[in-house]
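Here the sequence shown is numbered in numbering that gives the first Met the number 0, starting from 0 and rising by one per residue. Backbone N, C-alpha and C define an ideal beta-carbon position, used for all residues, glycine too. Just so it is clear, the structure is predicted and the values come from calculations on it, not from any experiment.
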Amino acid sequence: MPEITEQLEKWAGEFGKEYTDRNALSLEEMDALYERNYGQTRTELNERFLEGVDRSIRILEVGSNVGNQFLCLQKMGFGNLYGIELQSYAVELSKARTRHINIIEGSAFDIPYKDGYFDLVFTSGVLIHISPSDIALAMREIYRCTREYIWGFEYYADKYTEITYRGHRNLLWKADFARLYLDQFGDLELVKEERLQYLDNDNIDTMFLLRKRT
Ligand SMILES: C[S@@+](CC[C@H](N)C(=O)[O-])C[C@H]1O[C@@H](n2cnc3c(N)ncnc32)[C@H](O)[C@@H]1O
Numbered sequence: 000m001p002e003i004t005e006q007l008e009k010w011a012g013e014f015g016k017e018y019t020d021r022n023a024l025s026l027e028e029m030d031a032l033y034e035r036n037y038g039q040t041r042t043e044l045n046e047r048f049l050e051g052v053d054r055s056i057r058i059l060e061v062g063s064n065v066g067n068q069f070l071c072l073q074k075m076g077f078g079n080l081y082g083i084e085l086q087s088y089a090v091e092l093s094k095a096r097t098r099h100i101n102i103i104e105g106s107a108f109d110i111p112y113k114d115g116y117f118d119l120v121f122t123s124g125v126l127i128h129i130s131p132s133d134i135a136l137a138m139r140e141i142y143r144c145t146r147e148y149i150w151g152f153e154y155y156a157d158k159y160t161e162i163t164y165r166g167h168r169n170l171l172w173k174a175d176f177a178r179l180y181l182d183q184f185g186d187l188e189l190v191k192e193e194r195l196q197y198l199d200n201d202n203i204d205t206m207f208l209l210r211k212r213t
């Protein structure tokens, strides 16, 4: 099991803090960014994926950074929200920016909640920053903590592909993350997936919703 990985060190240090300072967006700013990237807002995307999901369910975001996704989920009516984030600076900032959300410092590799404690566990731009050698462990923890749904929004590629990120190696990958979950856990089924083509480049992102078969 990874104790301190190269990626965890980067996110916990100056590199992570600089990202955090750039990433604090209001809901309007985040929606405008998605509109520019994909021609639709994050709120619209979320509404399509979570339309049938009860607003009272208990949700965990893994890698919640400054809490941008919580602002959107709260506006949509979800009130039972938790976050886990490895970077202490981002944890403090997210606590100051949000209300009524239980945010703790911790790692995707060792989520301190019991099996099935959440109805839905999600990541948004986080699996892409976990090394392919560690991804199975992070997915196993996410799978363990959810009773029903896994939701994700990540960079997409057919095959695991490393991307140089702001001059850094070993920090960013794209992959078919929904497929990786499905291959690892036989009782998961795909409820929905959409591949989102950027309007101004060839990159593709994916949003997917998986569910444990009962
Ligand atoms: C690109 S940001 C995404 C932030 C947020 N999910 C959003 O949509 O705005 C990635 C975040 O995941 C955190 N992170 C990366 N690896 C992690 C891990 N193994 N466990 C917990 N958090 C992690 C980083 O510190 C960073 O805050």
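For this session: May I ask which residues mark the beginning and end of the beta strand (DSSP E) holding T122?
Result: F117 to S123
Exercise. Could you give the residue range of the beta strand (DSSP E) that holds N79?
Worked result: N79 to E84
Problem set entry | Boundaries (first-last residue) of the alpha helix (DSSP H) holding R194 | First-last for R194: L187 to Q196, but that is the beta strand (DSSP E), not the alpha helix (DSSP H).
Problem set entry | Simplified DSSP state of Y18, which is helix, strand or coil | helix
Exercise. At what residues does the beta strand (DSSP E) containing I208 begin and finish?
Worked result: At residue 208 the sequence reads Leu, which differs from the Ile that was named. Per DSSP, L208 belongs to the beta strand (DSSP E) from I203 to K211.
For this session: Excluding the 5 residues preceding and the 5 following L170 in the sequence, name in chain order all residues of the same chain whose CB lies nearer than 7 Å to its CB.
Result: Q6, K9, H128 and Y164
Exercise. By how many angstroms is the C-alpha of E192 removed from the C-alpha of D118?
Worked result: 19 Å
For this session: Check the DSSP bridge columns for T4 and list the partner residues they point to.
Result: In DSSP, T4 forms no bridge with anything.
Exercise. Rounded to whole angstroms, how far is the Cβ of T19 from the Cβ of Y81, which I believe are closer than 8 Å?
Worked result: Not confirmed; about 19 Å, so no contact.
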